[in-house]
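Each residue of the sequence shown is one higher than the last, beginning at 494 in the working numbering.
As structure tokens, the structure follows; a few thoughts come after it.
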Amino acid sequence: MILSFEESLLIILVIAVITFGLRAAPFILFSRTGTTPKAIAYLGNVLPPAVMGMLIVYCLRNVSVMEAPFGIPELIAVAAVAVLHLWRRNNLLSII
């Protein structure tokens, strides 16, 4: 399906307005009180480790410990990242 110039422009405009609205919503919603709601602060503390845990599970989902190489490369990689993170305490370095 080929879109006309006007249709393409309208789609881009709608996407831009929605993106701007989503980016501005927290400032509009939370600027009146000056404090972050407890639920949002809780999610800010809990979600990053939960997402990291989900990424680890996702990355290791196809590891087979019943056939060669028995998950040893993955175990070495996980141990190396854990040691690196405990040593440097740098999340970005751990993600890379």
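Where is the CB? At the ideal position from N, CA and C, for every residue including glycine.
Return the Cβ separation of residue i and residue j in integer angstroms, given the expectation that the two are a contact with Cβ distance under 8 Å.
i    : j    : result
E619 : L553 : Since the displayed the chain opens at 494 and closes at 589, residue 619 lies outside it and no answer follows.
For residue i, does the three-state DSSP call read helix, strand or coil?
i    : result
S524 : coil
S587 : helix
P530 : coil
R582 : coil
S497 : coil
Below 6 Å CB to CB, which residues in the same chain sit around residue i once its five sequence neighbours on both sides are set aside?
i    : result
T512 : none
I521 : none
Residue ranges of each beta strand (DSSP E) run of no fewer than 3 residues wholly in the region 538-578, ordered along the chain?
none
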